[in-house]
Amino acid sequence: MQLVLNIQLEEPLVLPMNYNHIVQSIIYRALSVMPDYAEFLHQSGYTSGKRQYKMFQFGQLQGHYKMADRKFIFDTEVSLEIRSPEPLLINLLVDSFYRNGIAFGKTTYRDIYMEIYDYTIEENHIVVQMKSPLTVYSTDEFTNNTYYYNPQEEAFFDAVNSNFYRKYQAYFGIAPCSPIRISKVDNENCRKFVTKYQGSYITAWFGKYDLSGQRKYLDFLYQTGLGAKNAQGFGMFELL
Numbered sequence: 004m005q006l007v008l009n010i011q012l013e014e015p016l017v018l019p020m021n022y023n024h025i026v027q028s029i030i031y032r033a034l035s036v037m038p039d040y041a042e043f044l045h046q047s048g049y050t051s052g053k054r055q056y057k058m059f060q061f062g063q064l065q066g067h068y069k070m071a072d073r074k075f076i077f078d079t080e081v082s083l084e085i086r087s088p089e090p091l092l093i094n095l096l097v098d099s100f101y102r103n104g105i106a107f108g109k110t111t112y113r114d115i116y117m118e119i120y121d122y123t124i125e126e127n128h129i130v131v132q133m134k135s136p137l138t139v140y141s142t143d144e145f146t147n148n149t150y151y152y153n154p155q156e157e158a159f160f161d162a163v164n165s166n167f168y169r170k171y172q173a174y175f176g177i178a179p180c181s182p183i184r185i186s187k188v189d190n191e192n193c194r195k196f197v198t199k200y201q202g203s204y205i206t207a208w209f210g211k212y213d214l215s216g217q218r219k220y221l222d223f224l225y226q227t228g229l230g231a232k233n234a235q236g237f238g239m240f241e242l243l
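This note's numbering puts the first residue of the sequence shown at 4, with every later residue one more than the last.
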């Protein structure tokens, strides 16, 4: 399911360049209308081995803005898209935003127009463009150093498929019976994106990609996101 929020700003909204953690905290705060569910997602979520998945994603904020002192200043309105394969999560967000508004820091915005969609992927091959950047990585178990893959490496696409495999198994309790195939669109220059999230730098990539696989697998990725750190604002795509 998909939830699109259109927020009318009674006063300008000022956010740091690295605002993903602010949006994520808004989502968790809204889900606290059902405390047990919010705690489940926040503390563990759906697991596959040592990996934890929250099964929601959000895109970048959209709206007219200007930059000043390395901050975004949205003036009249801002929109945000949230997706999840879990209807309960989307419905809890709608109920909470309707009752309580959306608080960015000390300012609560209540003039919100919400749209709910249940768009599904119905094809086995799609071409997509990233709405929020795609990231995959590996962490050395001895040094704890993290390496972020890039689309020039075959390991980048292998890591996206491995992430899908674990994420699907975590949510449904069974492993997918076939992989997905992902490749960069010919002659596409992927744009590098580096941001800081709670003290750590994350490297991710915008761009256009070919995706193929069973329809239900592609639909699952449309709801949950490609690659890692979806609940931190990475991996949302749109169809071309």
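Using N, Cα and C, we set each Cβ at its ideal position, and we do this for glycine too.
Buried or exposed by the 16-neighbour rule on C-beta atoms within 10 Å, applied to glutamine 201: Around the C-beta of glutamine 201, fewer than 16 other C-beta atoms lie within 10 Å, and the residue is accordingly described as exposed.
Cβ pair count under 8 Å reaching 3, the segment 5–14 against the segment 202–219: no
Distance CB(isoleucine 93)-CB(isoleucine 105) smaller than 8 Å: no
Arginine 86 beta carbon less than 8 Å from that of phenylalanine 59: yes
N-terminal and C-terminal residue of the beta strand (DSSP E) that serine 82 is part of: 80–86
Backbone CA spacing between lysine 187 and glycine 228 [nearest angstrom]: Taken atom to atom, the span from the alpha-carbon of lysine 187 to that of glycine 228 is near 17 Å.
The segment 189–208 / the segment 226–243 touching (three or more Cβ pairs under 8 Å): Here the segment 189–208 makes contact with the segment 226–243; the two share three or more CB pairs at distances below 8 Å.
Where glutamine 155 falls, given that 16 or more other Cβ within 10 Å makes a residue buried: exposed
Nonlocal neighbours in the same chain, by C-beta distance under 6 Å from methionine 37, ignoring five residues either side: Closer than 6 Å at Cβ, skipping near neighbours: Leu95.
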